[in-house]
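Student:
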Amino acid sequence: MQFIDLHRQYEKIERQVNSRIASVLDHKGFIEGPEVTEFEEKLKEYTGVQYVLTCASGTDALTIPLMAYNVKKEDAIFVPSFSFFASAESISLAGATPVFVDSDEKTFNIDSVDLEEKIKVVLEEGKLNPKGIVAVDLFGLSANYYKIKAIAEKYNLFLLEDAAQGFGGRIGEKKACSFGDVSGTSFFPAKPLGCYGDGGAIFTNSKSMYEKMKSIHVHGQGKDKYENNTIGLNSRLDTIQAAILIEKLNIFDEELKKRNIVAQKYTDMLNSILEIPQIPQNYFSSWAQYTVKAKSKEERNRIVLKMKEHGIPVMIYYPVPIHKSKAFRMIQSWNMDKTEHLSEVVFSLPMHPYLEDEEIEKICLALKDSIR
Ligand SMILES: *Cc1c(COP(=O)(O)O)cnc(C)c1O
Numbered sequence: 001m002q003f004i005d006l007h008r009q010y011e012k013i014e015r016q017v018n019s020r021i022a023s024v025l026d027h028k029g030f031i032e033g034p035e036v037t038e039f040e041e042k043l044k045e046y047t048g049v050q051y052v053l054t055c056a057s058g059t060d061a062l063t064i065p066l067m068a069y070n071v072k073k074e075d076a077i078f079v080p081s082f083s084f085f086a087s088a089e090s091i092s093l094a095g096a097t098p099v100f101v102d103s104d105e106k107t108f109n110i111d112s113v114d115l116e117e118k119i120k121v122v123l124e125e126g127k128l129n130p131k132g133i134v135a136v137d138l139f140g141l142s143a144n145y146y147k148i149k150a151i152a153e154k155y156n157l158f159l160l161e162d163a164a165q166g167f168g169g170r171i172g173e174k175k176a177c178s179f180g181d182v183s184g185t186s187f188f189p190a191k192p193l194g195c196y197g198d199g200g201a202i203f204t205n206s207k208s209m210y211e212k213m214k215s216i217h218v219h220g221q222g223k224d225k226y227e228n229n230t231i232g233l234n235s236r237l238d239t240i241q242a243a244i245l246i247e248k249l250n251i252f253d254e255e256l257k258k259r260n261i262v263a264q265k266y267t268d269m270l271n272s273i274l275e276i277p278q279i280p281q282n283y284f285s286s287w288a289q290y291t292v293k294a295k296s297k298e299e300r301n302r303i304v305l306k307m308k309e310h311g312i313p314v315m316i317y318y319p320v321p322i323h324k325s326k327a328f329r330m331i332q333s334w335n336m337d338k339t340e341h342l343s344e345v346v347f348s349l350p351m352h353p354y355l356e357d358e359e360i361e362k363i364c365l366a367l368k369d370s371i372r
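Those letters in the sequence shown? Residues 1 to 372, by full-length UniProt numbering.
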């Protein structure tokens, strides 16, 4: 059994994907070919966001907007520590200072009460200037944007949505990638919408931000290749990856429905034996991960071992909170109790649209056996 089974998806769309790749090989516009523009148009349509810029990775999809905001070392950017490393790495890459925020134990997303606390602490300390918030749509669930946006407005901060795992999710009818002043997503193969390599996209309704970011993503270029106005990057989505993504986007909504059915089956079978993920009312998750909680670190580690014995792949996202990583240990951080607890008890079950009923049952039975 695979944790994420990309083979079954490929079997379904093999002919379409191969023919799209063949067509790129035929026209040879490998960099910024017509498929890139076609895919950007499709992303606009899908998310309802006005400007979309594809780039080379989800990490760049966060770094480029932060570079466009022209952040400095004295600028504090608030970010949850319970996330993938790149959520904070991008802040340092762009030259600013991350300030870590605790997460909500039910939704795994940034805790809005702690967010305001940390902003106040930074203001009182007076060393850094609060500048922005990076909110993460962890495991496919959009963060609490009602509250986060109000805080961003109150303290005059920009809001960057890290939707690397969130693409396809929504709150009511509003889609992920439309919640930030700028939003970034990833097309890494294991994400809800993945390509066959690295890739990312940036979303905004601000024309001026779009223009700055478009320049930064190709060496800070101006009117042409040899006019360079700022320091930028080389961060483009390959044409072949765009071609693959166009075909994958065609079946994406159907896959989202299937992911939600899988999640519901897990929930029905597991809710009496352990703490299952909570989806707030009016939210629709893209189920990048199905993440549950054990009662203690010891129990979690025992379960993970036993599941391996049953031949079931389980993963731990994330065993080390970002503020405890070697790279960020020297950054000052205040009270992160909930994050530290989460990193000790969470684990994730296989999740993809092509899980069969028998597999789900097998996983749940193994889990029941592992908990006893
Ligand atoms: C995967 C991921 C990223 C980075 O995306 P890449 O495409 O791997 O660079 C950033 N943030 C989160 C929350 C992620 O899960």
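Where a beta carbon is used, it is the ideal one built from N, C-alpha and C, also for glycine.
1. Are the stretch 57-65 and the stretch 198-210 in contact at 8 Å, needing three or more beta carbon pairs?
2. Runs of 3 residues minimum, wholly inside the stretch 323-361: which ones carry the beta strand (DSSP E) assignment?
3. Can you list, in chain order, every residue whose CB sits closer than 6 Å to a heavy atom of ligand 1?
4. If I measure Cβ to Cβ from Ile119 and keep anything under 6 Å in the same chain, skipping five residues before and after, which residues do I get?
5. According to DSSP, what are the bridge partners of Ser103?
6. What residue range is occupied by the uninterrupted alpha helix (DSSP H) comprising Ile64?
7. Who are the Cβ neighbours of Ala242 in its own chain at under 6 Å, not counting the five residues just before and after it?
8. DSSP three-state label for Arg170, please.
9. What number of angstroms, rounded off, separates the C-alpha of Arg20 from the C-alpha of Cys364?
10. Going by DSSP, name the residue or residues bridged to Lys127.
11. Looking at Leu53 and Gly202, is the spacing between their C-beta atoms short of 8 Å?
12. In whole angstroms, give me the CA-to-CA distance for Phe82 and Val262.
13. Going straight from the alpha carbon of Glu227 to that of Leu237, what length do you get?
14. Put Phe179 into one of helix, strand or coil per three-state DSSP.
15. Quick one, which of Ile151, Ala176, Pro189 and Leu157 has its alpha-carbon nearest Ala163's?
16. What is the C-beta distance between Ile13 and Glu247, in whole angstroms, given that I count them as a contact (C-beta under 8 Å)?
17. Mind checking who Cys55 pairs with in its DSSP beta bridge?
18. Tell me the DSSP secondary structure of Ser81 in three-state form.
19. Return the CA-CA distance between Phe187 and Tyr283, expressed in angstroms with no decimal places.
20. Is it a yes or a no for the stretch 96-107 touching the stretch 316-335, going by three-plus beta-carbon pairs under 8 Å?
21. Classify Ala76 as helix, strand or coil using the three-state DSSP reduction.
22. Measure the beta-carbon distance from Thr291 to Val346 and round it to whole angstroms, keeping in mind my assumption that it falls under 8 Å.
23. Per DSSP, which one or two residues make a beta bridge with Thr97?
Tutor: Let me lay it out:
1. yes
2. 346-349
3. Those residues are Ser57, Gly58, Thr59, Ser83, Phe84, Ala86, Ser87, Val136, Asp162, Ala164, Gln165, Ser186, Phe188, Asp198 and Gly200, given in chain order.
4. Pro130 and Tyr155
5. Ile110
6. Gly58 to Ala68
7. Setting aside the 5 residues that flank it on each side, Ala242 is surrounded in the same chain by Glu35, Val36 and Phe39, each with a C-beta closer than 6 Å to its C-beta; the list follows chain order.
8. strand
9. Straight-line Cα distance between these residues: approximately 39 Å.
10. DSSP lists no bridge partner for Lys127.
11. Before going on, a small fix: residue 202 reads as Ile here, not Gly. Yes.
12. 25 Å
13. 22 Å
14. coil
15. Ala176
16. 6 Å
17. Gly200
18. coil
19. 22 Å
20. yes
21. strand
22. 5 Å
23. Ala76
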